[in-house]
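Just so you know, the sequences run in chain order A and B. Residues 6 to 273 in my numbering are what the first sequence spells out, letter by letter. Residues 523 to 583 in my numbering are what the second sequence spells out, letter by letter. C-beta atoms are modelled at their ideal positions from N, C-alpha and C, and glycine is treated no differently. A quick note: this is a predicted structure, and the numbers were derived from the prediction, not measured.
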Amino acid sequence: MKPAAEPADTIYFTLQELGVIIALSVLAALSGALVPSWIFPDTTISDFVYSGLGLPGPGAGEVVFGGILCFWLLLGLFLVKKPGTAFAMAIILIAIDLMAGSQALVIQTLDVLVFVALIIEAISQIPFVERRPWSYLLPACLLVLGITTLAIAILGCATTGEMDTAVTGLPWSYYLFGILGLVCAFICCRYQVRYLLAAGLASMYYMLHFWLFWGSGFAARFPPDPVMIPVLFLAALLSGVVSAAAAYGISRVLWYLGKTDGSNSPDQ
Amino acid sequence: MCAPIVLPEAAIGLAAAHILGIGLIAGIVIFNSNGVRKGMSSLLGISDGIGSALDRVISAR
């Protein structure tokens, strides 16, 4: 009997998969650059998160950018279903940013894409995170951060903006994010999907990376008021969880639409 | 006789960024070959997980 062909003679991603990876990377680059200015034509992301949402800073804009990045990386992972997809997408995103982005010469801001992709890759490939006690990690984080955010709002310590200006009126965004955190904690307790944890932690790392490495020196952009750290982490975690849920939902819809073609389940 | 061509710093930076970007995409294409990656793995004495248990985690779900 003739032995099976050696994998050394093959390629890892097929041409079709490479096409999907490149297409999703281009969409990620376009959405990261164009969608915010399309949704908020008269303002910037900073104005939206600080004046609109009333979040503290710095780094609250990551709620938008981190969510978009996690969404596309996870969607690529769901559609291609091969380890290394998110990493390859991050490399192509960096290449696109270098060749077409306005931040072409700021290498410092590009490395976070690789780290976020690696976190998503790593956690998505660890099956035991869906078993106890690890399955309670995400709900516990959401619960603790949600309660802390609500407590900050109730105690009247809410601030907004990069300079941590005290909120004069009702800090509705604190209540909104806090309650959303508790609701998501309950949902994540019921549906223990490791992709939600992967995107949530990756999004939190994105914010931490911003605080530590994107300023003029190490930790130059760290929040001046440490009390605001749980609020910002909760916003980042929710951004990742919601984007992962959206990517998972879209992959399910695509699987359902292509089911008649004999495609595999997105979970397979 | 050659006339020296002096590029402004921005042009050098832009060219470097484009070269790096094309190099990254070329790297993805080159490392997409299992043969190249297998050779690199044996050269470095590490396994990249292709065909391993980790490789099958997503497809096993």
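Cutoff 7 angstroms; reference residue i; Cβ partners in own chain excluding five residues on either side
i, result
"Tyr-200/A", "Leu-79, Ser-129, Ala-249, Tyr-253"
"Ala-65/A", "Val-54, Tyr-55, Leu-237, Ala-240"
"Val-172/A", "Gly-59, Ala-163, Thr-164, Thr-165"
"Leu-123/A", "Phe-92"
"Cys-189/A", "Leu-147, Leu-243, Val-246"
"Leu-115/A", "Ile-99, Asp-102"
Beta bridge counterpart(s) of residue i as assigned by DSSP
i, result
"Gly-166/A", "Pro-61/A"
"Ala-225/A", "Answer is none; Ala-225/A lacks a bridge partner."
"Ala-171/A", "Thr-164/A"
"Ile-16/A", "Ser-555/B"
Min CB distance residue i to chain B below 9 angstroms
i, result
"Ile-96/A", "yes"
"Ala-203/A", "no"
"Ala-13/A", "Only weak support exists for where Ala-13/A lies, its pLDDT of 47 falling under 50; the coordinates are left without a value."
"Met-168/A", "no"
"Ala-100/A", "yes"
"Phe-76/A", "no"
"Phe-18/A", "yes"
"Leu-32/A", "no"
"Ala-93/A", "yes"
"Leu-118/A", "no"
"Leu-103/A", "yes"
"Leu-110/A", "Residue confidence is low: Leu-110/A scores 49 on pLDDT, short of 50, so the model does not pin down where it sits. Its coordinate-derived value is still stated next. So, interface residue."
"Leu-60/A", "no"
C-beta neighbour in chain A for residue i, strict 9 angstroms
i, result
"Ala-533/B", "no"
"Gly-543/B", "yes"
"Leu-565/B", "no"
Start and end residues, alpha helix (DSSP H) containing residue i
i, result
"Ser-140/A", "It is not in any alpha helix (DSSP H) - Ser-140/A carries neither H nor E in the DSSP assignment."
"Ser-563/B", "556 to 566"
"Pro-235/A", "234 to 262"
"Thr-90/A", "90 to 105"
"Ile-128/A", "116 to 129"
"Ile-192/A", "177 to 195"
"Ser-30/A", "20 to 44"
"Tyr-211/A", "199 to 218"
"Phe-53/A", "No alpha helix (DSSP H) contains Phe-53/A, which DSSP labels as neither H nor E."
Other residues of its chain near residue i: CB distance less than 6 angstroms, five sequence neighbours each side excluded
i, result
"Glu-22/A", "Val-85"
"Leu-155/A", "Gly-183"
Sequence-distant residues of the same chain with beta carbon closer than 8 angstroms to residue i, five excluded per side
i, result
"Val-558/B", "Ile-552"
C-beta neighbour in chain D for residue i, strict 9 angstroms
i, result
"Leu-143/A", "You won't find chain D in this structure, because its protein chains are A and B."
query: Taking contact to mean at least 3 C-beta pairs separated by less than 8 angstroms, is the segment 54 to 63 of chain A in contact with the segment 75 to 92 of chain A?
result: no
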